[in-house]
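Working notes, structure below.
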Amino acid sequence: MKRAYEITYILPAGIPEEEQKTVEERVAEWINTAGGELTKTSHWGRRRLAYNIGTNREGYYIYLEANIDPEQLKDFDRRMTLEQNIIRYLVVRTEE
């Protein structure tokens, strides 16, 4: 049974656009591999972080809505943690 999730992640503001697109495609592929479906993608753009994360003062925010099986979420979570270009991410289950 798939559930609806909101996924927000932050990329370093200084990475090239090609690398940013590669990370976006990789995250979408992970959702598909988990048996999920991506329903919405929104680019919030470059924003100042509330506090410095390492040497980053700004980040590029991307917001996704997806339907994923909760059992597959653990593997998706692990992949998001291991991706070197994602400096922070948050996965929240939405109300139905």
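For the sequence shown, my numbering assigns the number 695 to the initial residue and increments by one for each residue that follows. By construction, the Cβ of each residue, glycine as well, lies at the ideal position given by its N, Cα and C atoms.
Asked	Found
Other residues of its chain near T663: CB distance less than 6 Å, five sequence neighbours each side excluded	The structure shown does not extend to residue 663, since the chain is modelled only from 695 through 790, so no value can be given for it.
Beta-carbon proximity check, K696 vs G729, cutoff 9 Å	yes
Status (buried if at least 16 other CB within 10 Å, exposed otherwise) for W724	buried
Reduced DSSP category for L702 - H, G, I as helix; E, B as strand; rest coil	It should be noted that the sequence gives Thr, not Leu, for residue 702. Strand.
Through-space distance from L705 to G739, alpha-carbon basis	10 Å
Sequence-distant residues of the same chain with beta carbon closer than 8 Å to I781, five excluded per side	I704, L705, P706, I747, G748, N750 and G753
Buried/exposed call for V721, threshold 16 Cβ in 10 Å	buried
A707 in three-state terms, based on DSSP	coil
Residue-chain proximity (Y745, chain C), Cβ-Cβ < 9 Å	The structure shown has no chain C; it contains just one protein chain.
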